[in-house]
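Peer 1: Same order as they appear, the protein sequences are chains A and B. One point on numbering: in the working numbering, the residue at position 102 of the first sequence is 102, and numbering is uninterrupted. Count along the second sequence starting at 1, add 134, and that's the number in the working numbering.
Protein chains: 2
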Amino acid sequence: MLGLIRTTDLIRRTFGRVVEGQGITLQQYNVLRILRGAGDAGLPTLEIGSRMIEESPGITRLIDRLEAKGWVRRERCPHDRRQVLCWINPAGLAMLDALDEPMAEADDRALSMLSADDKSHLIRLLDAIRAGSR
Amino acid sequence: MLGLIRTTDLIRRTFGRVVEGQGITLQQYNVLRILRGAGDAGLPTLEIGSRMIEESPGITRLIDRLEAKGWVRRERCPHDRRQVLCWINPAGLAMLDALDEPMAEADDRALSMLSADDKSHLIRLLDAIRAGSR
DNA sequence: GCGCAATGGTTGACACGTCAACTATTGCTG
DNA sequence: CAGCAATAGTTGACGTGTCAACCATTGCGC
Chain A
1 MLGLIRTTDL IRRTFGRVVE GQGITLQQYN VLRILRGAGD AGLPTLEIGS RMIEESPGIT
61 RLIDRLEAKG WVRRERCPHD RRQVLCWINP AGLAMLDALD EPMAEADDRA LSMLSADDKS
121 HLIRLLDAIR AGSR
Chain B
135 MLGLIRTTDL IRRTFGRVVE GQGITLQQYN VLRILRGAGD AGLPTLEIGS RMIEESPGIT
195 RLIDRLEAKG WVRRERCPHD RRQVLCWINP AGLAMLDALD EPMAEADDRA LSMLSADDKS
255 HLIRLLDAIR AGSR
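(1) Starting from the Cα of L26 of chain A, find the closest Cα among A:L96, A:T60, A:G70, A:V72 and give me that residue.
(2) Hey, does T14 of chain A have any beta-carbon neighbour from chain B nearer than 8 Å?
(3) Can you confirm whether L254 of chain B, when its beta carbon is compared against all beta carbons of chain A, has any partner nearer than 8 Å?
(4) Given a cut-off of 8 Å, decide if G137 of chain B and L126 of chain A are closer than it, judged by their beta-carbon atoms.
(5) Name the chain A residues that come within less than 9 Å of R167 of chain B, Cβ to Cβ?
(6) Which residue's Cα is closest to the Cα of V228 of chain B: B:K253, B:G204, B:R146?
(7) Rounded to a whole number of angstroms, what is the C-alpha to C-alpha distance between G39 of chain A and I11 of chain A?
(8) Taking the beta carbon of A68 of chain A as the centre, do at least 16 other beta carbons fall within 10 Å, making it buried, or is it exposed?
(9) Within the continuous beta strand (DSSP E) that includes E235 of chain B, where are the two ends?
(10) Evaluate A110 of chain A with the Cβ neighbour count: other Cβ atoms within 10 Å of its Cβ, from every protein chain shown; 16 or more gives buried, anything less gives exposed.
(11) Going by DSSP, which residues form a beta bridge with C220 of chain B?
(12) Buried or exposed for C86 of chain A, going by 16 or more other Cβ atoms inside 10 Å?
(13) Which value, in whole angstroms, describes the spacing of the CA atoms of G176 of chain B and Q156 of chain B?
(14) Exposed or buried, G37 of chain A, counting other C-beta atoms within 10 Å across all chains shown (16 or more means buried)?
(15) Is the beta carbon of R130 of chain A less than 8 Å from the beta carbon of T141 of chain B?
(16) On the three-state DSSP scale, how would you describe L119 of chain A?
(17) Please list, in chain order, all residues of the same chain as I193 of chain B whose beta carbon is under 8 Å from its beta carbon, the five residues on each side excluded.
(18) Rounded to whole angstroms, what's the CA-CA distance from D117 of chain A to G92 of chain A? Just pull it up for me.
(19) Determine the burial state of A98 of chain A: buried for a count of at least 16 other Cβ atoms within 10 Å of its Cβ, exposed for fewer.
Okay, structure coming up:
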């Protein structure tokens with residue numbers, strides 16, 4: 001239990017330090033990654049939220065900040081005017097690209113001490129915990 | 135990586151929900167547990183922080199709130215007037231006691247899907263990650 | 001077509017976590 | 001013993017998570 005929390009905090013900080021070089025936080029990075037994956041179609045606000053682990057109010061403000069920094073564009077959807085679609089813009093894409101390499105390295109380093117077997121076992125155990133904590 | 139973060143978030147919320155019945159957060163609960171363990175000797179602020187995973191400013195304010203709710207007493211240490219000692223008081227102890235049982239149950243439930251072997255394996259893997267992320 | 005519940009978001013308020021800057025003490029060093 | 005670095009803690013500012021309350025828009029049922 002405690003080990004889980006401590007380990008995750010450590011990991012989060014490690015990756016946070018990688019992205020902060022670009023003046024961004026880990027959560028903001030995650031949102032941008034999701035938007036990059038969505039491509040030209042864009043994504044409604046809550047859809048982004050559901051791909052993270054967060055409640056909507058957090059998402060709204062997260063995107064407020066990304067928009068203020070000029071990495072994201074938002075527009076009310078014409079078909080369903082309740083929705084607000086979000087896109088990553090070129091500046092955001094460029095910034096993400098600059099992080100791809102360092103993030104991949106950090107990823108390697110973070111789990112380099114585990115064998116492939118260890119990793120898949122870890123994943124199975126974590127999945128089991130989540131499946132059981134319904 | 136992602137599994138680690140998702141699982142921990144889930145766990146944190148699960149335990150958070152248990153303690154919120156007493157009008158307390160998980161972090162506040164952790165501080166009180168540490169203070170209960172310290173007994174009559176009390177603990178200096180930063181010592182509490184080092185047993186959690188947090189930087190000092192967070193601790194100061196965490197304890198501000200605990201003191202405001204009447205669960206903790208603070209006093210400047212006479213021997214080293216830089217330090218501020220903290221003690222849990224009777225009201226805090228009573229509140230903690232009320233949580234012992236539900237927390238133990240939640241603990242059982244949270245990991246009930248894992249065998250003893252699985253648990254020790256998980257702990258080993260997590261320890262390995264922390265040891266390697268130096 | 002009207003009424004109303006459901007859906008999609010936003011705002012306000014509060015608890016954290018973290019960084020940087022600052023105060024108060026200690027205690028070492030010359 | 002004067003001076004200064006190290007230690008203990010606090011304050012300010014900002015990003016993030018979460019709850020509750022709220023507004024706008026849709027779309028279903030009658």
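All C-beta atoms in this analysis are idealised placements derived from N, C-alpha and C, irrespective of residue type, glycine included. Keep in mind it's a predicted model, so treat the numbers as computed, not measured.
Peer 2: According to the structure shown:
(1) In the first sequence, counting from the first residue as 1, residue 26 of chain A sits at position 26. It is A:L96 whose Cα lies nearest to the Cα of L26 of chain A.
(2) On the first sequence, position 14 is the one that residue 14 of chain A refers to. At least one chain B Cβ lies under 8 Å of T14 of chain A.
(3) Here residue 254 of chain B corresponds to residue number 120 of the second sequence, with the count starting at 1. Going by the sequence as given, residue 254 of chain B is Ser instead of Leu. Chain A, which has no Cβ nearer than 8 Å to the Cβ of S254 of chain B, makes this no.
(4) Translated into the one-based positions of the first sequence, residue 126 of chain A becomes position 126. Translated into the one-based positions of the second sequence, residue 137 of chain B becomes position 3. Yes; because the gap between Cβ atoms is below 8 Å, this pair is in contact.
(5) In the second sequence, counting from the first residue as 1, residue 167 of chain B sits at position 33. Within chain A, no residue comes near R167 of chain B; the closest Cβ sits about 11 Å away, beyond 9 Å.
(6) In the second sequence, residue 228 of chain B corresponds to position 94, counting from 1. Correcting the residue type first, residue 228 of chain B is Ala in the shown sequence and not Val. Nearest of B:K253, B:G204, B:R146 to A228 of chain B, Cα basis: B:G204.
(7) For the purposes of this step, residue 39 of chain A is taken as the residue at position 39 of the first sequence. For the purposes of this step, residue 11 of chain A is taken as the residue at position 11 of the first sequence. One C-alpha to the other measures close to 28 Å.
(8) The residue labelled residue 68 of chain A in the question sits at position 68 within the first sequence. The residue is exposed, with fewer than 16 neighbouring Cβ atoms inside 10 Å.
(9) For this step, residue 235 of chain B is matched to residue 101 along the second sequence. Where E235 of chain B is concerned, there is no enclosing beta strand (DSSP E), although the alpha helix (DSSP H) it sits in stretches over 224–244.
(10) For the purposes of this step, residue 110 of chain A is identified with residue 110 of the first sequence, where counting begins at 1. A110 of chain A comes out buried.
(11) The count along the second sequence starts at 1 and reaches residue 220 of chain B at position 86. Per DSSP, B:L177, B:R208.
(12) Counting from 1 along the first sequence, the entry for residue 86 of chain A is found at position 86. Burial call: buried.
(13) Residue 176 of chain B sits at position 42 when you count from the first residue of the second sequence. Residue 156 of chain B sits at position 22 when you count from the first residue of the second sequence. One C-alpha to the other measures close to 23 Å.
(14) For the purposes of this step, residue 37 of chain A is identified with residue 37 of the first sequence, where counting begins at 1. It is exposed - the Cβ of G37 of chain A has fewer than 16 other Cβ atoms within 10 Å.
(15) The residue you call residue 130 of chain A lines up with position 130 of the first sequence. The residue you call residue 141 of chain B lines up with position 7 of the second sequence. Going by C-beta atoms, R130 of chain A is nearer than 8 Å to T141 of chain B.
(16) Counted from its first residue, the first sequence places residue 119 of chain A at position 119. Position check: residue 119 of chain A holds Lys in this sequence, whereas Leu was assumed. DSSP places K119 of chain A within a helical segment (H, G or I) once states are collapsed to three.
(17) Residue 193 of chain B sits at position 59 when you count from the first residue of the second sequence. V165, T179, L180, I182, G183, M186.
(18) Stepping through the first sequence from its first residue, residue 117 of chain A is reached at position 117. Stepping through the first sequence from its first residue, residue 92 of chain A is reached at position 92. C-alpha separation (whole angstroms): 36 Å.
(19) One-based indexing of the first sequence puts residue 98 of chain A at position 98. Exposed, by the Cβ-count rule.
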